[in-house]
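Just so you know, the sequences run in chain order A and B. Quick note, in the numbering used here, the first sequence goes up one by one and the last residue is 1305. Quick note, in the numbering used here, the second sequence goes up one by one and the last residue is 1305. Beta carbons are placed, not taken as given, at the ideal position from N, Cα and C, and that holds for glycine. For clarity, every value in this text was computed on a predicted model and none was experimentally measured.
Number of protein chains: 2
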Amino acid sequence: MAKNNALPTQAEDFSGWYNDIVYRADMVDQGPVRGSMIIKPYGYSLWENIQKNLDAMFKATGHENLYFPLLIPMSFFEREAQHVEGFAPELAVVTHAGGKELEEPLAIRPTSETIIGEAYSRWVQSYRDLPLLYNQWVNVMRWEMRTRPFLRTTEFLWQEGHTAHATAEEALAETRLMLDIYAEFAEEFGAVPVIKGEKTEGERFAGALMTLTIEAMMRDGKALQAGTTHYMGENFSRAFDITFNDVNNDQAYAHTTSWGLSTRFIGAIIMTHGDDKGLIMPPKLAPTQLVVVPIYRANDEDAKAGVMGEVERLATALKEKGVRVKVDDREGLSPGRKFNEWEQKGVPLRVELGPKDLEKGEALLADRLTGEKSSVPLADIAERVPAALEAFHEALFQRAAQFRTEHTFEAGDYDEFQRFVERGFVYAAHCGRVECEDQIQEETKATARCIPLEGASAEGATCVKCGEPSGYPRKVVFAKAY
Amino acid sequence: MAKNNALPTQAEDFSGWYNDIVYRADMVDQGPVRGSMIIKPYGYSLWENIQKNLDAMFKATGHENLYFPLLIPMSFFEREAQHVEGFAPELAVVTHAGGKELEEPLAIRPTSETIIGEAYSRWVQSYRDLPLLYNQWVNVMRWEMRTRPFLRTTEFLWQEGHTAHATAEEALAETRLMLDIYAEFAEEFGAVPVIKGEKTEGERFAGALMTLTIEAMMRDGKALQAGTTHYMGENFSRAFDITFNDVNNDQAYAHTTSWGLSTRFIGAIIMTHGDDKGLIMPPKLAPTQLVVVPIYRANDEDAKAGVMGEVERLATALKEKGVRVKVDDREGLSPGRKFNEWEQKGVPLRVELGPKDLEKGEALLADRLTGEKSSVPLADIAERVPAALEAFHEALFQRAAQFRTEHTFEAGDYDEFQRFVERGFVYAAHCGRVECEDQIQEETKATARCIPLEGASAEGATCVKCGEPSGYPRKVVFAKAY
């Protein structure tokens, strides 16, 4: 981060652009421990808006929130073989507490299937106790070696839903429902177009029978997994003994699911929408939707009084319309510097108001996405802004969707595959063998992002890499990924 | 917890009553690690309502939320002498992560003054950067030996505000402002009357120059500290080098504050309002404000259809009024059992509606506080409930205030002090010496809860214990405490 130099352009150094803009826009700061981050108010406010809207969708579909302890006995992880293999290497472990060495070391949760499974085994006795539809908003920890703000940090914030059901059908329906909710949230609130699909065996969650994902395209053509839902079958029920008496009074194992979306989604927003000037915030999640910059000469107290009076009236009228508005009345900063700062922070709309505008009874309304400015009668601004924000959202989504279309390819052979995968998403038939996937990754750095739920049929097609028959009904989406 | 036996009465075993009701009312469950708790949906929903309302008050007074890392390098604690002395014995320590031993052990935050102080030292350069008015909603950990759900658990949820100011006056004003906000929140939302006061030297936060507190009386006459605000002076600024150039361009140390309210407040609500039937929820925070219990004979499908139709209409009308309503349409449970369950959970209002009520065009409205039932025309219910909830809040507050009045005493001498302190709060003059306070605690188990901001003057009075001149302008509140 070099605060006094220019922001790198996305074309010349996308990674440098990202690493720079998250600090410039005051989203984040480094924590004292390697790989940790401080989420600053501008970043946290975005997370609060994500939480509020996603939480409402969870509750509207019958889920309730609760809270499980942070520390999990190490022995819990051993109970599900794939789970321990997946998570043991990343655990942070508490060995001492209250001045003494603990009898059993405790892990900071990397995810909570195990501790929740143990409780569900006590909470579920009869089919009447099912389904359990619970979620928690918490911090989790995974000791990763290579970290980047929001994308991969040792500690991150997320929600983890954990449900238990009487039948496989119900659990699978939940897994798909939550995927639909994530996709709807990403598109309707984040303006982030996503592909819904199933993970291949090699990319599944540790302990899941099926993992569904929403995959978004960043502006360097890479994929970012923005939310996942998992069907566990009876794996965790057998490991933690979540049994119940079914309608016929026979003992059965519950079918469980889990699903999570994290502060990574902030990274998705940044890299889906940002441009060379900085961030562009999707209006429905933006901490500030509109900033008003009053303009007057220093020491011209009359001009200041007139302008500020109108600015306050305007801000009040906008707040009454439900607009998240900020008045930038800081002294000692030029309007130009304020414009730059709010552009960098990606505030969708800006109103500029000076004495001449006031005389004419209008103000300038600037659009962060198009860069256009237009004169709007003062009396009309509050009325027009909600629709302008709606249009901004739509334009932002369309821009991202178009970018994705322009960077999505179908590969007929492996030569094409290797060329296309440098530029974006590649649809290709695949045999479904983990070894073949691994070989593609080794040679191209691309991974199978998902088998999309909708899209080109792969019937009769052969694997783009090895020529074996396609292992899936549809072509697989491959891409380099975050 | 003996689920099949009766709930102990408060009079015979208050502690047993508490330990039993938190499980019976489905607020909490035990976690697998000693001293940890699972906050179940009914308890967590109460916490969400606490968060939502308190957070709005923070934001209305200019505070913003952010998020600091969970893990703090052990060396940070050493920098403030009193702070390390206060917290070191309770730390939980991560020594291994990612399969390796860490170079420096990391503590799970017991509170975040140190890690925040380190960041503030980087964020503050000039007086223009001040004040910093930040808060975070997080989990913290203090390895306590004797734990009880909500009151004292190794991990708990709270908010911790941390502010930095250019002058002592501003920091002191913040410390008092946040105390006022806590008091207003406790009384206006929790219906919990509180005494605002200052902690004596022996009871101060580790590292603070001044600690202010709100103290509530539980129904066994004991005190519960329900929220505290701390003025740190320059202690943490000197320890973490939070310096700035003031208006005269001289270097100065910032003055900092911190303030916190935790899931302990749930304990305060339970023990301020509960009775021998169970919980009584303050309406403004209650997860469910009104429960509708439809009544019909099993197999009488016509009666069921009529009743449920009206119940749904009523629930919709109540929701439109902003009432948090639940319809208990569970099959296979008698109305009586449902009544008991919702009484135990403390839902303020209950509507009972059966075929005969429907014929008469009315329903029974039951009040959890008074136990009274009254017939109300169906057409009027939705209109009346908001006012009934308001009246319920007021009555609940008055009941608690009256209980406190009846259990508050002034002690002229130490004999009286010793007798009164078995029954509630005791106002008494005190010399202000820590050793004298300690001796009182040793002999009576009572502690100095606070020097109240308002109340009886202690001018010219002598210490109730040692006879030395009063060390404070007002009489001190003593009580046994949680």
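Expected contact under 8 Å - CB spacing of residue i and residue j to nearest Å
i: Glu-924/B; j: Thr-918/B; result: 6 Å
i: Asn-872/B; j: Tyr-867/A; result: The pair is not a contact, with the Cβ atoms about 21 Å apart (cut-off 8 Å).
i: Met-964/A; j: Gly-984/A; result: That pair is no contact at about 19 Å.
i: Gln-948/B; j: Phe-1067/B; result: 6 Å
i: Arg-1356/A; j: Ala-1109/A; result: This structure leaves residue 1356/A out entirely; chain A is present only between 824 and 1305.
i: His-886/A; j: Tyr-957/A; result: 7 Å
i: Ala-1029/B; j: Glu-901/B; result: Actually they are not in contact, since the Cβ atoms of Ala-1029/B and Glu-901/B sit about 13 Å apart, beyond 8 Å.
Same chain only: Cβ atoms within 8 Å of residue i, ignoring 5 sequence neighbours per side
i: Ala-825/B; result: At Ala-825/B the pLDDT is 44, less than 50, meaning the model places this residue with poor confidence; the figure from the coordinates comes in the next sentence. Asp-843, listed in sequence order.
i: Thr-998/A; result: Met-1033, Leu-1035, Thr-1052, His-1053, Tyr-1054, Thr-1080 and Trp-1082
i: Thr-934/B; result: Phe-910, Val-963, Glu-983, Ser-1081 and Gly-1083
Burial state of residue i, where buried means 16 or more other Cβ atoms lie within 10 Å
i: Leu-1156/A; result: exposed
i: Glu-1021/B; result: buried
i: Ser-859/B; result: buried
i: Ala-1302/A; result: buried
i: Asn-828/A; result: exposed
i: Ala-1202/A; result: exposed
i: Arg-1242/B; result: exposed
i: Val-1257/B; result: exposed
i: Thr-884/B; result: exposed
i: Arg-945/A; result: exposed
i: Pro-1292/A; result: exposed
i: Arg-1120/A; result: exposed
i: Arg-1136/A; result: exposed
i: Ser-1198/A; result: exposed
i: Gln-1221/A; result: exposed
i: Pro-912/B; result: exposed
Residues that residue i contacts on chain B, provided the C-beta gap is smaller than 8 Å
i: Asn-888/A; result: Pro-864, Tyr-867, Ser-868 and Glu-871
i: Ile-861/A; result: Leu-889, Tyr-890, Phe-891, Pro-892 and Ala-942
Pairwise C-alpha distance: residue j and residue i
i: Gly-1194/B; j: Gln-1225/B; result: 19 Å
i: Ala-1252/B; j: Arg-1297/B; result: 7 Å
i: Ala-991/A; j: Gly-839/A; result: 46 Å
i: Gly-1159/B; j: Lys-1179/B; result: 17 Å
i: Ala-1310/A; j: Asp-878/A; result: Beyond the ends of chain A as shown, which are 824 and 1305, falls residue 1310/A; an answer cannot be given.
i: Glu-941/B; j: Leu-914/B; result: 19 Å
i: Leu-830/A; j: Asp-1099/A; result: 7 Å
i: Glu-1038/A; j: Ala-1128/B; result: 46 Å
i: Tyr-1307/A; j: Asp-1125/A; result: Beyond the ends of chain A as shown, which are 824 and 1305, falls residue 1307/A; an answer cannot be given.
i: Arg-932/A; j: Phe-891/A; result: 10 Å
i: Thr-1228/B; j: Ile-1103/B; result: 20 Å
i: Phe-881/A; j: Thr-832/B; result: 39 Å
i: Phe-1162/A; j: Asp-1151/A; result: 10 Å
i: Arg-1087/B; j: Met-897/A; result: 28 Å
i: Glu-780/B; j: Val-1070/B; result: This structure cannot settle anything about residue 780/B, because the visible part of chain B is limited to 824 through 1305.
i: Glu-1233/A; j: Gln-1048/A; result: 20 Å
Close-in-space but distant-in-sequence residues of the same chain around residue i (CB under 6 Å, 5 per side omitted)
i: Asp-1288/B; result: The sequence shown places Lys at residue 1288/B, rather than the Asp named in the question. Counting only Cβ-Cβ distances below 6 Å, and skipping sequence neighbours, we find Tyr-1237, Cys-1259 and Ile-1263.
i: Val-1306/A; result: Nothing can be reported for residue 1306/A, as the shown portion of chain A is limited to 824 through 1305.
7 Å Cβ cut-off: residues of chain B touching residue i
i: Asp-852/A; result: Ala-942
i: Leu-929/A; result: Val-856
i: Pro-896/A; result: Pro-855 and Val-856
7 Å Cβ shell around residue i - same chain, five flanking residues per side excluded
i: Tyr-1295/B; result: His-1253, Gly-1255, Ile-1274 and Ala-1281
i: Thr-976/B; result: Gly-858, Ser-859, Met-860 and Thr-970
i: Ala-834/A; result: none
i: Ala-1006/B; result: Val-1017, Lys-1019 and Ile-1037
Cross-chain neighbours of residue i in chain A, by beta carbon under 7 Å
i: Trp-966/B; result: Ala-920 and Gly-921
Chain-ordered neighbours of residue i on chain A, where CB pairs are closer than 8 Å
i: Ile-938/B; result: Gly-854 and Pro-855
i: Leu-980/B; result: Tyr-890
i: Tyr-957/B; result: Pro-864
Residue i: CB within 8 Å of a non-hydrogen atom of the ligand FAD
i: Asn-958/A; result: Ligands in the displayed structure: none, and consequently the ligand FAD is not present.
Chain B contact residues for residue i, given Cβ-Cβ distances below 9 Å
i: Tyr-846/A; result: Near Tyr-846/A there are no residues of chain B at all, since even the closest Cβ is about 12 Å away, more than 9 Å.
i: Glu-913/A; result: Ala-920, Gly-921 and Gly-922
i: Val-916/A; result: Val-917, Thr-918, His-919 and Ala-920
Under 9 Å from the C-beta of residue i: neighbouring residues of chain A
i: Ala-876/B; result: It should be noted that the sequence gives Asn, not Ala, for residue 876/B. Near Asn-876/B there are no residues of chain A at all, since even the closest Cβ is about 15 Å away, more than 9 Å.
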